[in-house]
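Here's the structure we're looking at; comments come further down.
Residue numbers (the working numbering), protein chains in the order written: chain A, 504 to 618; chain B, 1170 to 1281.
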């Protein structure tokens, strides 16, 4: 079974600084997707960024980028120029590219932005 | 912008009572999910529908939980009887099949 591990329960960063959230996963498959989802307090979870395992290039979405290390099964999220609105729970998630579309989530990292 | 609708947002119930949650996915999304999120943990899949059919309910406690998606549109998740350990956020999500899930705001259940 696939597992997703987030070893940082909480992180904090000064506004405008850069922070990196860590995620490792375990799978025997070679074709899969990895995701970072953001869950702000009392609001719905939204997709931040997605990485396809067969793509070597790291995904980037504005201030958000990932460092995808397939051999190491590592998938970290870097947030540049942190803003107050980035404060949220961040979940790393894995999805096998075939069969049903089940997402397996990690336990999350709570990110606090210090003004 | 289309969103996944869930109700109620908050529900407080006593142990052994019945409780139901409703979800209306984004129009056209064939896949619907119910996840349970215990405080401090990541979401755990309870049940997944493809149209009106269940494709994964391996983690659904079937002795007390039931879920249906009549006509392949909206869905209801029921718990009977509720237990203290059921206190959690119940998240509904839908998908077009692209891999991205769209989540509702969730229904927070407190069992006393």
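The C-beta atom is built at its ideal place from N, Cα and C for all residues, glycine as well.
- Under the Cβ criterion (8 Å, minimum of three pairs), the stretch 589-597 of chain A counts as touching the stretch 611-618 of chain A.
- Contact check for residue 569 (chain A) against residue 552 (chain A) passes: the beta carbons are separated by less than 8 Å.
- Annotated three-state conformation of residue 589 (chain A) is helix, per DSSP.
- In terms of Cβ geometry, residue 571 (chain A) and residue 537 (chain A) form a close pair [threshold 8 Å].
- Between the C-alpha atoms of residue 1221 (chain B) and residue 1249 (chain B) there is a straight-line separation of about 22 Å.
- Rounded to whole angstroms, the gap between the alpha carbons of residue 1262 (chain B) and residue 606 (chain A) is 11 Å.
- In the displayed model, residue 605 (chain A) falls within coil according to three-state DSSP, outside both helix and strand.
- For the stretch 531-543 of chain A, the residues whose beta carbon sits under 7 Å from a beta carbon of chain B are, in order, 536.
- For residue 529 (chain A), the uninterrupted beta strand (DSSP E) run begins and ends at 527-529, by DSSP.
- Within the stretch 589-610 of chain A, contact with chain B at the beta-carbon level (separation under 7 Å) is assigned to 594, 598, 603, 604, 605, 606, 608, 609 and 610.
- Taking C-beta atoms under 8 Å as the contact rule, residue 582 (chain A) and residue 521 (chain A) qualify, at a distance of about 7 Å.
- Beta-bridge partners of residue 1258 (chain B) (DSSP): B:1206 and B:1277.
- Look at residue 1239 (chain B) here: in three-state DSSP terms it is helix.
- Below 8 Å, enough C-beta pairs join the stretch 1239-1257 of chain B and the stretch 1204-1216 of chain B to call them touching: three or more.
- Counting C-beta atoms within 10 angstroms of its own C-beta, residue 1272 (chain B) has 16 or more neighbours from the protein chains shown and is therefore classed as buried.
- Residue contact with chain A for residue 1208 (chain B): absent (no Cβ-Cβ distance below 8 Å to any residue of chain A).
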